[in-house]
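To start, the structure itself, in structure tokens.
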Amino acid sequence: MSYQKPQVQVKTLKGTRIRPRKFSNHFDAHLQHRKGPLNRHDEKGLPTWGDWGTCLKIVGLGGSAASTAITLDNCRCAACVNQDTMQRALDTFSIPTDILPQEVVTLKEGLQVKWANDGHISLYPWDWILRHRKKTGIPISEEEKKLQVDPYKYWGSEIGSSPPSVHYDEIMAGEKGVGAWTAKIRQYGFCYVDGCPISPGKTQELLERIAFIRETHYGGFYDFTSDLTMKDTAYTTLALPAHTDTTYFTDPAGLQMFHLLSHTDGEGGASLLVDGFNAARTLLKESRSAYEILSKTPIPWHASGNEGITITPAKKYPVLNFQDLQEDRLPKLLQVRWNNDDRGVVGLREDYGMGAEKWYRAARKWNEILKRPEMEYWAQLKPGRPLIFDNWRVLHGRSAFTGKRRICGGYVNHDDYISRWRNTNFSREEVLSQIL
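Just so you know, we're using the working numbering here: the sequence shown kicks off at 134 and counts up by one.
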């Protein structure tokens with residue numbers, strides 16, 4: 134792709150000095166002073182651009198406009214942002230709504246603005262400007278190209294020939310090992326850890342290399358057998374279909390770890406994993422209407438098996454949940470929420486019951502896809518080889534078993550997992566650029 138040089142267009146008032154400079158061969162730009170339809174005058178006869186000041190506009194592969202007041206609010210200098218906490222130090226609502234730039238200069242580092250009201254100088258790096266411009270769907274920078282690459286490796290039963298794994302010693306040795314571990318979880322949705330000591334304590338230390346363990350009504354770090362200590366089918370010897378855990382929380386658990394410590398006097402209990410994102414892609418290809426129904430129909434979920442506990446989310450959630458919409462892009466799947474055993478009543482009264490009928494047809498199609506042999510990855514857990522998976526993406530289950538199994542593990546919040554992944558795979562500057 135040939136690189137199109139962006140053009141910086143700064144709409145300003147009379148008296149604002151504009152000083153264009155050539156600042157790099159890679160990112161050349163120029164400034165233009167031009168009037169537009171928003172140009173009008175105040176009671177003193179001075180030109181103005183409305184309640185929110187002038188408009189700074191970046192024109193190139195898709196332009197964007199932001200008022201000067203909003204632009205100043207995003208200054209990242211030491212006076213405007215506490216550099217120790219990265220929290221705002223500037224009072225947003227102290228910024229005059231009619232604030233004007235006194236001088237705008239293009240530098241190699243970015244666009245420098247001197248503000249007329251107090252002489253404050255703000256520098257907006259070019260990569261920041263490009264990230265926040267109006268998107269056209271065409272990446273303009275290498276960073277944007279990377280962000281548009283699908284980060285996931287989708288899989289089915291074939292993953293059994295070479296499942297992702299990292300060695301315990303590598304993870305415990307330092308941040309590089311944690312980075313390799315979280316990167317594989319992020320890419321595949323699950324990962325084994327080879328060479329882990331067969332110990333609940335060591336397993337807990339391993340899980341805490343990512344983040345603190347999440348407390349639920351099941352406790353924190355768990356170490357259990359199939360004795361129905363908690364009234365949940367997970368605490369039985371029964372087979373479990375592919376599902377995600379904690380659908381009944383507003384914020385379902387992000388990661389889950391299983392470490393089989395022992396299995397005596399019996400057999401069975403093979404673990405099942407299904408790539409929910411891959412299943413959703415298949416559903417979209419085969420039945421767009423079913424995909425849409427499972428994306429839009431809110432479902433009640435609950436945990437009510439134990440005395441004194443009745444947990445439901447703060448609101449109903451559909452099976453398929455998405456990231457925020459981005460201009461000119463299809464919505465990106467963020468989370469699969471599926472456990473038919475924990476589902477409440479689909480809205481029978483809505484649309485004269487037709488809404489429920491449509492949902493059941495869509496759910497039947499979804500269930501059929503989940504149970505296809507090519508979607509299912511079956512494997513026997515082994516002592517010394519914990520399994521960790523992204524509960525927002527990967528569905529898990531098991532076959533029935535006999536005998537006595539002892540398993541330990543725990544949950545980690547999704548936000549904490551993503552934070553750990555970012556900070557062990559990217560520099561601090563790269564991490565901040567992803568969120569600011």
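Glycine residues also receive a C-beta, built at the ideal position from the N, C-alpha and C atoms.
In this chain, the alpha helix (DSSP H) harbouring Y424 covers 421-429. Cβ contact annotation for E400 (same chain, cutoff 8 Å, sequence separation greater than five): F534, T535, G536, in chain order. For Y355, DSSP records a beta bridge to G542. For Y325, the closest of L463, I442, V299 by C-alpha to C-alpha distance is V299.
Between K504 and N411, the alpha-carbon positions lie close to 13 Å from each other. Under the three-state reduction of DSSP output, Q320 falls in the helix class.
Taking S359 as reference, the option from S294, I540, N472 with the minimal CA-CA separation is I540. Judged by beta-carbon spacing, G387 lies beyond the 9 Å limit of I568, meaning their Cβ atoms are not closer than that value. F226 sits exposed, since fewer than 16 C-beta atoms from the chains shown fall within 10 Å of its C-beta. With respect to the C-alpha of L416, the residue from N546, H350, A496 having the closest C-alpha is A496.
Burial state of N473 is exposed, judged by a 10 Å Cβ sphere holding fewer than 16 other Cβ atoms. In this structure, the straight-line span from the alpha carbon of T204 to that of T430 is close to 39 Å. Contact check for R518 and G402: beta-carbon distance about 14 Å, past the 8 Å limit, so the pair fails to qualify.
Cβ atoms of V564 and R555 come within 8 Å of each other, at about 5 Å. Between the segment 421-435 and the segment 449-459, the count of C-beta pairs closer than 8 Å reaches three or more; the two stretches touch. With 16 or more other Cβ atoms inside 10 Å of its own Cβ, F522 counts as buried. Runs of the beta strand (DSSP E) lying entirely within the segment 194-250 and spanning at least 3 residues, in chain order: 197-200, 234-239, 243-248. Using a Cβ distance threshold of 9 Å, T380 and W471 count as a contacting pair. Taking the Cα positions, L339 is about 21 Å away from F559. Listed as beta-bridge partners of Q468 by DSSP are N454. A distance below 8 Å between beta-carbons, with the five flanking residues on each side excluded, links L467 to the following residues of its chain, in chain order: N454, F455, Q456, W525.
Boundaries of the alpha helix (DSSP H) around T336: 333-340.
H253: not part of any beta strand (DSSP E); DSSP gives it neither H nor E. Where I551 is concerned, there is no enclosing beta strand (DSSP E), although the alpha helix (DSSP H) around it starts and stops at 547-558. By the neighbour-count criterion, in which a residue is buried when 16 or more other Cβ atoms sit within 10 angstroms of its Cβ, G352 is exposed. Just measuring C-alpha positions, the residue of Q245, I331, G307, I346 sitting nearest D549 is I346. C-alpha of T377 to C-alpha of D475: approximately 10 Å in a straight line. Judged by their CB atoms, V214 and L223 are nearer to each other than the 9 Å cut-off. Nearest in C-alpha terms to G334, of all of G542, S422, T557, is G542. Its chain contains K317, Y321, C324 as the residues whose beta carbon lies nearer than 6 Å to that of P297, once the 5 sequence neighbours on both sides are disregarded; these appear in chain order.
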